[in-house]
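Student: In the numbering used here, the protein residues as written are 43 to 180.
The structure is given below, and queries will be raised subsequently.
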């Protein structure tokens, strides 16, 4: 009998809502990998945040709110955090927060708002943001 290779090894895991599910090792690694979505229309800001976080997290990028919602829908169950700029073209960070509330995603995926506008902090917290970081980053 041939031994199973590590990449083909399977694990049976029990989840209260789903019962038993069989996972490959590659899937298990992906499930427990922490992914951060960085949303900012300024490339330099995305790169700066990624440089800080890339050693600990898998990074996904979006350059506006519309692209952010597409990524949230695509990777939602894998996202550990969204870092969200508020003032962007096409769809603002405020609109992203409103849409996440409408779709009840805000309770599942924490959002930290990135802003240089102090007056926007309170509104973003009322819309469900978990916290905020003030630009420029120190």
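The beta carbon of each residue, even a glycine, is placed where N, CA and C say it ideally should be.
Find the nearest neighbour of residue 172 within the set 156, 90, 77, judged by alpha-carbon distance.
Tutor: Measuring from the Cα of residue 172, the nearest candidate turns out to be 156.
Student: Closest to residue 148 by C-alpha separation, out of 132, 133, 166, 160, would be which residue?
Tutor: Here the closest residue by C-alpha is 166.
Student: Measuring alpha carbon to alpha carbon, tell me which of 81, 120, 116, 119 ends up nearest residue 106.
Tutor: Minimum Cα distance to residue 106 is reached at 81.
Student: Classify residue 85 as buried or exposed, calling it buried when 16 or more other Cβ atoms lie within 10 Å of its own Cβ.
Tutor: By the 10 Å Cβ count, residue 85 comes out exposed.
Student: Measure from the alpha carbon of residue 163 to the alpha carbon of each residue in 150, 109, 127, 89, then state which is nearest.
Tutor: Of the candidates 150, 109, 127, 89, the one whose C-alpha sits nearest the C-alpha of residue 163 is 127.
Student: Please classify residue 127: does DSSP put it in a helix, a strand, or coil?
Tutor: Correct three-state label for residue 127: strand.
Student: Taking the continuous alpha helix (DSSP H) assigned at residue 110, which residues delimit it?
Tutor: Note, residue 110: alpha helix (DSSP H), 107-117.
Student: Helix or strand or just coil, what does DSSP make of residue 156?
Tutor: DSSP places residue 156 in strand when its eight states are reduced to three.
Student: Quick check on residue 96: buried or exposed, where buried means 16 or more other Cβ atoms within 10 Å of its Cβ?
Tutor: Burial call: exposed.
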